[in-house]
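Written below as structure tokens is the structure these notes are about.
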Amino acid sequence: MNASTSFADLRRPTLLAFFVMTWWSLIGQPAYRAPVDYPVRLSGTFAELRGDHFHMGIDIKSSTGRTGDPVLSVARGYISRVQVNRGGYGQAVFVTHPMGTTSVYAHLASFDPVLAARVRTEQNRTQSDEVDIRFNESEFPVAQGQLIGTLGNTGHSFGPHLHFELRNTASNVPINPLHRIPVADNVKPTVHRLHLYYIDHEGRVFHRQPLENIQDTLEVPAWRIGLGVEGVDPFNGGRNKNGLYGIDIEVDQALHFRLRFDSLPDPLVDFRSHIDYASLVNDGASIHCCFPRGSKAMHTNHIQQGSGIIPIYGDRYTDVKVSSYDFAGNMITRALTVKRDSLLAKPSGISFQHAVQAQSVDTIVREKMQLRFASSSLFERLYLKIESASLEDSNIVSPVYSLLPKDVPLRDAVEVCITLPDQELDQRTRLYSTREDGILRLHPGLRQGDQYCSSVWELSRYLLYVDTIPPQINFGGRTIASNDVVLHWLVTDNIKNAHLKFDVRLNNAWVLATFDAKSDRLTCRIPKSNFLPSNNQLVLVAKDEVGNTSEHIQSISVN
9 MNASTSFADL RRPTLLAFFV MTWWSLIGQP AYRAPVDYPV RLSGTFAELR
59 GDHFHMGIDI KSSTGRTGDP VLSVARGYIS RVQVNRGGYG QAVFVTHPMG
109 TTSVYAHLAS FDPVLAARVR TEQNRTQSDE VDIRFNESEF PVAQGQLIGT
159 LGNTGHSFGP HLHFELRNTA SNVPINPLHR IPVADNVKPT VHRLHLYYID
209 HEGRVFHRQP LENIQDTLEV PAWRIGLGVE GVDPFNGGRN KNGLYGIDIE
259 VDQALHFRLR FDSLPDPLVD FRSHIDYASL VNDGASIHCC FPRGSKAMHT
309 NHIQQGSGII PIYGDRYTDV KVSSYDFAGN MITRALTVKR DSLLAKPSGI
359 SFQHAVQAQS VDTIVREKMQ LRFASSSLFE RLYLKIESAS LEDSNIVSPV
409 YSLLPKDVPL RDAVEVCITL PDQELDQRTR LYSTREDGIL RLHPGLRQGD
459 QYCSSVWELS RYLLYVDTIP PQINFGGRTI ASNDVVLHWL VTDNIKNAHL
509 KFDVRLNNAW VLATFDAKSD RLTCRIPKSN FLPSNNQLVL VAKDEVGNTS
559 EHIQSISVN
């Protein structure tokens with residue numbers, strides 16, 4: 009079966025295809041193959057630290073630096089799902105395999121023609137560019153190596169590549185694709201620096217010390233320490249700074265801590281309990297934190313073994329060796345010797361108003377705001393401080409509440425509720441957050457009595473705001489491509505994460521428009537045959553999430 013095989017070709021001899029695939033598996037064909045037909049080069053690895061999340065797959069480079077490479081099914085199975093999103097995975101295909109796995113192919117430029125026709129039918133039916141379609145195993149069977157689409161740059165992608173994942177079908181847990189698809193790599197990881205953390209009797213960090221140059225012996229003013237690793241993994245044939253696969257820490261020649269990124273049972277919780285969240289928020293640093301946050305009972309990171317907390321002593325030296333690995337087994341080691349200083353550092357005092365216990369339900373009330381913590385909201389005790397301020401903006405209809413410290417990670421959502429203003433309620437009132445950049449970010453929620461409530465995932469600044477500004481539309485031009493007329497517009501909104509809705513009609517007939525959220529570019533590709541000889545009217549309506557609407561009308565002639 010080659011890359012030119014289509015779904016139509018496979019469907020015709022369904023019974024024959026079944027026997028062929030069965031025979032092929034029995035004679036020893038590998039269960040998985042690469043999803044591309046050229047040597048795999050990676051620009052991203054599994055569990056790489058990506059800002060606020062783990063990377064859940066591998067990123068495979070284009071063979072040419074452009075879009076269009078054929079993307080092939082890594083194993084036999086059937087297409088179980090297709091998504092088209094403006095952000096996220098963009099155009100993505102999910103293939104379920106009989107081995108208990110599901111493969112994911114994201115940021116595709118195009119689908120196989122038969123699948124593309126099915127997607128277009130659903131878009132026309134729902135009059136939406138974004139669709140999520142599920143299939144049963146008889147609709148789109150695939151053979152290993154069958155063409156399912158082409159490599160692209162759709163969704164939240166910033167260069168042509170294939171984002172590829174493997175998941176456990178039953179649990180949907182992401183697993184490291186390199187266990188199934190080997191990639192040539194003989195380049196050692198690079199460790200930029202180690203970080204030393206002073207840890208108190210509760211298991212809380214009270215100081216971090218970057219180790220730029222490791223001396224023969226470090227005298228540390230603490231009873232116990234943890235280590236952090238800041239490093240990357242170059243691959244053959246590229247300059248990309250990919251993520252590490254594993255870390256071992258030996259203490260006095262005995263294995264003390266082991267981390268291997270083989271799967272991510274709970275990617276969000278695992279990320280927030282693993283990364284040095286304070287350094288990420290304050291400095292933008294991505295540091296593997298090689299010890300648990302809080303007590304062991306509160307630590308839910310399933311991707312590591314060993315406690316990671318290292319006791320140190322004043323009457324003897326402790327030898328520590330940190331080894332960082334890539335998936336191919338290439339390793340780099342840093343060693344240090346530590347001893348407890350006779351003068352111990354003391355944790356600085358914490359200014360707070362509320363101590364919120366982990367693993368307990370709690371509600372904090374401050375002026376016209378309530379914070380509702382679930383038992384799963386925190387990794388460890390939170391020493392919370394709330395500040396309020398008023399801003400001179402007629403669209404802000406509540407105080408601005410700052411939840412501090414902003415660099416403490418939440419394990420699960422916290423519900424923020426702010427009392428609605430006494431005056432007649434504008435139905436466009438919503439809860440927003442804002443950071444130092446002043447940009448507003450919407451947090452969808454619901455009105456509950458006299459409050460507006462939203463579930464949030466970070467400690468930040470929250471307020472009620474009435475959005476009265478409609479999206480802005482600017483016509484970008486028109487081109488003729490083959491038998492199509494291609495039109496595009498730049499559509500922007502004052503809210504950072506606004507999910508806009510579009511309705512485009514040519515002579516009152518709905519037309520599919522696709523929106524690239526990266527560039528704010530809306531595009532219509534309309535066959536010439538859809539146009540009248542003259543007097544064509546095209547109407548674009550853009551609506552934001554609170555109902556503000558803009559309209560753009562133009563006359564078009566294709567002669």
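The opening residue of the sequence shown carries number 9 in the working numbering; numbering runs sequentially from there. Glycine residues also receive a C-beta, built at the ideal position from the N, C-alpha and C atoms. The model shown is predicted, which means the values in this text are computed figures rather than measured ones.
In this chain, the beta strand (DSSP E) harbouring Ala114 covers Thr109 to Ala114.
In terms of Cβ geometry, Ser385 and Val237 do not form a close pair [threshold 8 Å]. Secondary structure at Asp434: coil, using DSSP grouped into helix, strand and coil.
Residue environment for Ala192: exposed (fewer than 16 other C-beta atoms within 10 angstroms of its C-beta). Rounded to the nearest whole angstrom, the CA to CA distance from Ser565 to Cys532 is 15 Å. For Phe148, the secondary structure class from DSSP, reduced to helix, strand or coil, is coil. Nearest in C-alpha terms to Asp270, of all of Leu204, Ala521, Gly65 and Thr110, is Gly65. Only residues of its own chain outside the window of five on either side were considered, and among them Leu450, Asp552 and Glu553 have a CB closer than 7 Å to the CB of Ala506, listed in chain order. Within the model, the alpha-carbon separation for Cys461 versus Ala421 is close to 12 Å.
By the criterion of at least three beta-carbon pairs nearer than 8 Å, the stretch 203–222 is not in contact with the stretch 92–103. Contact between the stretch 423–432 and the stretch 337–357 is not established, with fewer than three Cβ pairs separated by less than 8 Å. Within 10 angstroms of the beta-carbon of Trp497 lie 16 or more other beta-carbons, which makes it buried. Under the DSSP definition of a beta bridge, Ala517 partners with Leu514.
In terms of Cβ geometry, Leu155 and Gly76 do not form a close pair [threshold 8 Å]. Three or more Cβ pairs closer than 8 Å define a contact, and the stretch 219–236 meets that threshold against the stretch 351–360. Three or more Cβ pairs closer than 8 Å define a contact, and the stretch 122–142 meets that threshold against the stretch 517–526. In this model, Arg280 and Thr198 are separated by some 23 Å (Cα to Cα). Around the C-beta of Gln91, 16 or more other C-beta atoms lie within 10 Å, and the residue is accordingly described as buried. For the set Leu50, Arg49, Tyr97 and Glu173, the Cα lying nearest the Cα of Ala83 is the one of Glu173.
Straight-line spacing of the CA atoms in Asn567 and Glu559 works out to 25 Å.
Counting the other CB atoms within 10 Å of its CB gives Asn221 a total below 16, which places it among the exposed residues. Residue pairing by DSSP places Trp497 opposite Phe483 and Leu530 in a beta bridge. Under the three-state reduction of DSSP, Arg374 is assigned to strand. For Tyr97, no alpha helix (DSSP H) run applies, since DSSP gives it neither H nor E.
Nearest to Ser402 by C-alpha distance, out of Glu395, Lys376, Asp434 and Val424, is Asp434. The three-state secondary structure of Val199, taken from DSSP, is strand. DSSP, read as helix, strand or coil, puts Asn132 in helix. The three-state secondary structure of Val330, taken from DSSP, is strand. For Phe265, there is no enclosing alpha helix (DSSP H); the residue is found in the beta strand (DSSP E) stretching over Ala262 to Arg268. Taking the Cα positions, Thr500 is about 12 Å away from Lys509. In the structure shown, the three-state DSSP call for Ala124 is helix.
Pro229 sits in coil when the DSSP states are folded into three classes, being neither helix nor strand.
Just measuring C-alpha positions, the residue of His115, Val240 and Arg41 sitting nearest Arg94 is His115.
Beta-bridge partners assigned by DSSP to Asn176: Thr109. DSSP places Ala286 in the helix class (H, G or I) of the three-state scheme.
Looking from the CA of His169, the closest CA among Gly254, Leu235 and Asp67 belongs to Asp67.
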